[in-house]
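Just below is one structure, and these are the notes that go with it.
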Amino acid sequence: MNLLSSPSSKSTLKVLRRIDLLTSHFPLIVSCDSTEEAHALLKWKTSLQNQNGSLLPSWTLNNPTKISPCTWFGIHCNHAGRVNSINLTSAGLKATLHDFSFSSFPHLGYLDLRINQFFGIIPPQIGNLSMLKFLGLSFNQFSGSITPEIGYLTHLKLLSFSKNQLSGFIPHEIELGSLIQLEYLDLSANTFHKSIPESLSNLVKLHYLNLSNNQFSQKIPNKIEKLIHLSELDLSHNIFREEIPSQMCSMQSLEKLNLSHNNLSGSIPRCFEEMHWLSCIDISYNALQGLIPNSTAFRDAPMLALQGNKRLCGDIKRLPSCKAFKSHKQSLKKIWVVIVFPLLGTVALLISLIGLFFNFRQRKNGSQTQQSSPRNTLGLLSVLTFDGKIVHEEIIRATNNFDDGHCIGNGGQGSVYKAKLPTGEIVAVKKFHSPLPGEMACQQEFLNEVNALTKIRHRNIVKFYGFCSHALHSFVVYEYLEMGSLAMILSNDAAAEQFCWTKRMNAIKGVADALSYMHTDCFPPIVHRDISSKNVLLNLEYEAHVSDFGISKFLKLGSSNRTELAGTFGYIAPELAYIMKVTEKCDVYSFGVLALEVIKGKHPRDFISSICSSLSSNLNIALDEMFDPRLSTPSRNVQDKLISIMEVSISCLDESPASRPTMQKIDLSHNIFGEKTPSQICSIQSLETLNVSHNNLSSSIPRCFEEIRWLSRIDISYNELEGPIPKSTAFREAPMQALQGKIVYEEIIRATNDFDDEHCIGKGGQGSVNKAELPYGEIIAVKKFLSPLPGEIAGQQEFLSEVEALTEIRHRNIVKFYGYCSHIRHSFLVYEYLEMGSLAMILSNASAAEEFGWTQRMNVIKGVA
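No gaps in the numbering here: position 747 of the sequence shown is 747 in UniProt numbering, and each next residue is one more.
Next comes the structure, spelled out in C-alpha cells:
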C-alpha cells in the first residue's frame, strides 16, 4: 500500500481524524471543571519566581467565562476536556510545588517537570493525584525525604526522582509494595542511605531499577531475586559490601547490570553463566577476585568494565589467566622458604639496601611517569584505514586538544569538533563527556554508537570512519557534513529560505529511507530512539544523514526490550512514559514530528497539542499555518505532495503504536514520470546517486550512463525499461531490488535458457525452482508456476496467493522476495538463492545430515518458530 500516492487534488487530511484545511478553527466545548483546572494552573504560574511574561505565554485568559487549558503549551486533555497530562520538561521554570493545586486535577495521569529548577520538598498533597501513572521530577533541586503519601499513587508505573538533593531512606510506602504497578524506578544521584530494604522486592513488576550514586551500604539483599522481570539494574557508586548474592542469578530477564564503584568482595557467582539475556555488565572498582564467568556479557565486556578489582582472571583478552595466578602463588611460597629464612641474620643490611632501592625507584618513576602514562593509558583505538595511533595524534593536533575554537556543536552526550587532517580530509569528531574524573567517558553511549555504526551502512546514515577509547577521552570520527543539522538550518532565516520545498521533501524521504533500512534490513533491527532535527545532518546537496546513535538499541527476539526513558523531549513517543518498552514504532512517532517540523519550519508543538486535545473527530487547521511562511507558496503539484507527507506524518503520531504505519510502508519515492530516460542526464558528471524507481519510464537505458564515473548507486526498479544493462559499477553492484521489473525478466529468461531443465534445482506440485545467475553476478532462485492449460496464466490462484502474501511480510526467517512476473507464457517468482537447499535435502543425505549438528538443528527449529 502506498500511503503517499499523489492525487491530482486534495482538500482534506484523513489519518487520525478528518482535518479540514480551512481558515477557521473548531470551537472547543468547555466544561466548568476544565475552567477550574485553568484557574488552578494560572494561580500556580504566578508563583514562578522567574515569571517574566516570556514563560508559558500561551497560559492566559482569552475568555473569562469560557476558558480551557487544553491548547496551552505542555497541557493535554482527554476527550471530556479534562487535563490528563502536564509536560513542562526543560521549560526553564523555578519555583516550589507548594502552590500547585494537586486536588484540582483528578484525571491527571502524566506529570513531567524534569530538567527545571524546582526546589523545596515534594508536598504530601501529591498523593491526591490518584490516577497518576507517570511522575518525573528528575534534574531539579528537590530536597528532604520522599513523602510517604507517594504510596497513594497506586496506578503509578514510572517514578523518576534522579539528580535531586533528596535524602533519608526509601519510604515504607514504596518498599512494602503499595506501588504494585510500578515498572520503572529511578532514585539515582541523590543522598539516600542505609541499606536497600528487602521489601523492595515486592515491586514485582519492576523492569528498570536505578539506585546509583547514592550512599546505600551493607550488602545487596538476597530477596532482590524476586524482581524476575527486571531488565536493567544499576547499583553503581554506592558503598555496598560483602559478596554479590548468588540469588541474583534467578533474575533471568536481566540484560544490563552495573555494580561498579562499590566495596563488593569475593568471587563472582558462576551461575552468572546461566543468565542468557545478560548482555552488558560493569563490575569495575570493587574488591572482586577469581575466575570471570564464561558468558557473553563478560567475554564481550570492555576492559574498563572489569578494571579496578583485586585479582580477576579468566580466558578474556587483557586479563591474566587463572593458571598464571596459581603458579605465581606457588613461586611466592618457594621464595619465602628458600630465600627469606637464610637472610634473617642480615636484617640490618637488608633494610639499608631496601631504603636505597626505594629512593632510587622513586626518582626513576618520577621521571618516567609523564613519558609512560599516555602510552599505558591508550585503550582501544581504530581510526580510518590508517595507523590508529598516528591518526589519533593528528586529530588531537587538528582540534588543538579539543579546544572550544574547533567545536561546532554540543549535546547531552558530548561535543562535536571539526578537524582537518594533514591529508586535507575534513572530519567531524564527536568527543564524549566524562561524567566523573577518571571514569570512562559516557561509556554506554560510546559503546552503543560504535556498536551500531560498525554494523550499518546506508546513504542516508552518516558515514563512520572510526573510534578511539582512551583514558583521557573517547570519541568517534564521522564524515563532515557541511550544512550542519536540520535544527541549525530551520532556526536560521537565511538558511531556511535556501531550504526549498523540494529539498525539504527529499530530506524527509532520506530520513524515512534510513529508518526503514534500520528497522527492516538490519539484524537485529536497530531503533535509533533519538530522531530529531538536531540529529539529522545535511551535506551541500541537502541530502539527509541520520546521526548520533548513542542511545540506539538493538531489538532482541524474545527479550522484553525494556528501556529507560531517553531521547529528545518533543520527539519521544508517548507510550515510552508508561510502558518503557522500545519498539520501531517509537522511531515512527519521532519521524512524524520531524517531518511536520521540516514542513512547518519549526517544531509542531502546538499542532500536536491540538490533535491530542481535540474533542471531536473534526479539527480545522489553516493550510497556511502548516507551511513555513519563510518560503513562497508551493505550487499545486508540490502542495499535493506536502499534504501527502502530512497525512503520513499525522498517522505516525497516533497514540496507539499499533495504529502507526511501519517505516517500510512510508513510501516517499513514487512519482509519475513517463516516456524515455533522457540521455542528457549523462551530462551530470558529479551524479553519485540516482533513483527513478516506481515510474512509467520506458525504452532502453542510455548507454552513456557508462560514462558517469561517479555514479555509485542506482535504482530503476518498477518501470517499463528494456534492453541491456549499462556496463558500469553502479549497475554491476546494484542489488536485485534496484533493477527488478521488465528488464530483469529478459535477463532471467536468458540466464535459465528459457527455463531449461539444466537449470532446475527442485520441483513441486505448483511448479519448478530454477537457479539463475544474472549478468552482474547475483545468483537468484526463480520459482516458475505450472501452466495447467495451454495459453492460460500459469497456476493463477496459487501464483496470486503467493505474491499477495510475500509483498505483505518481511522477516529474517522468511525467504527474501525480490519480485514476480505474470506473463502469457509463464508466471514466476524471484527469491534470494539459499545455497544449502531445503531441510528435506539435508536430512535425506547422510553426509549432509552428519554436518548438521544439534546446535544448528535447534537454531533452525527456533527460526521456523
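Glycine included, every Cβ here is placed at the ideal spot set by N, Cα and C.
Straight-line measurement puts the Cα of Val-427 at about 6 Å from the Cα of Lys-420. His-603 has no beta-bridge partner at all, per DSSP. When rounded, the separation of the alpha-carbon atoms in Gln-125 and Trp-44 is 14 Å. Pro-57 and Ser-485 have their C-alpha atoms spaced approximately 28 Å apart. Within a 10 Å sphere around the beta-carbon of Leu-306 sit 16 or more other beta-carbons, which makes this residue buried. Membership of Lys-641 in the alpha helix (DSSP H) is indicated by the continuous run 636-652. Taking 8 Å as the cut-off, the beta carbon of Thr-89 is found no closer than this to the beta carbon of Ile-122. The C-alpha of Gly-414 is placed about 28 Å away from the C-alpha of Asn-309.
For Gln-856, the enclosing alpha helix (DSSP H) has its first and last residue at 854-864. Residue nearest to Ser-217 within the set Glu-37, Ser-231, Ser-236 and Val-204 is Ser-236 (criterion: CA-CA distance). With a cutoff of 8 Å on beta-carbon distance, Leu-594 and Tyr-571 are scored as near each other. If you check the CB distance, Ile-714 and Phe-731 come in under 8 Å. Runs of the alpha helix (DSSP H) spanning 4 or more residues and lying entirely within the stretch 473-504 occur at 486-490 and 493-498, in chain order.
Per DSSP, the continuous alpha helix (DSSP H) segment holding Phe-731 begins and ends at 729-732. In this structure, the alpha-carbon of Asn-492 lies about 10 Å from that of Phe-499. In the structure shown, Val-462 falls within a coil segment according to DSSP collapsed to helix, strand and coil. The Cβ atoms of Leu-158 and Phe-134 sit closer than 8 Å to each other. Here Arg-703 carries a helix assignment [DSSP, helix/strand/coil].
Linking Lys-503 to Ile-220 through their CA atoms gives a straight-line distance of about 56 Å.
Secondary structure of Gly-136 (DSSP, three-state): strand. In this structure, Leu-264 and Asn-286 form a Cβ contact; the two beta carbons are roughly 4 Å apart against a cut-off of 8 Å. Beta-bridge partners assigned by DSSP to Gly-168: Phe-192. Trp-72 is classed as buried because its beta carbon has at least 16 other beta carbons within 10 Å across all chains shown.
Taken atom to atom, the span from the alpha-carbon of Ser-632 to that of Asp-521 is near 38 Å. C-alpha of Ile-268 to C-alpha of Leu-233: approximately 16 Å in a straight line.
Residue burial annotation: Asp-530 is buried, with at least 16 other C-beta atoms found within 10 angstroms of its C-beta.
Rounded to whole angstroms, the gap between the alpha carbons of Ser-700 and Pro-678 is 10 Å. Ile-121 is not bridged by DSSP to any residue. Rounded to the nearest whole angstrom, the CA to CA distance from Phe-105 to Glu-37 is 7 Å. A direct Cα-Cα distance of roughly 15 Å separates Asn-190 from Pro-171. Check the Cα spacing between Ala-80 and each of Tyr-478, Ser-34, Gln-49 and Phe-828: the tightest is with Ser-34.
The residue from His-433, Phe-432, Gly-466 and Leu-481 with its alpha-carbon nearest to that of Lys-418 is Leu-481. Per the DSSP secondary-structure output, Ala-287 pairs in a beta bridge with Ser-265. Along the stretch 234-279, the beta strand (DSSP E) occurs as fully enclosed runs of 3 or more residues at 239-242, 256-258 and 263-266, listed in sequence order. DSSP, read as helix, strand or coil, puts Val-582 in coil.
In terms of Cβ geometry, Met-275 and Leu-254 form a close pair [threshold 8 Å].
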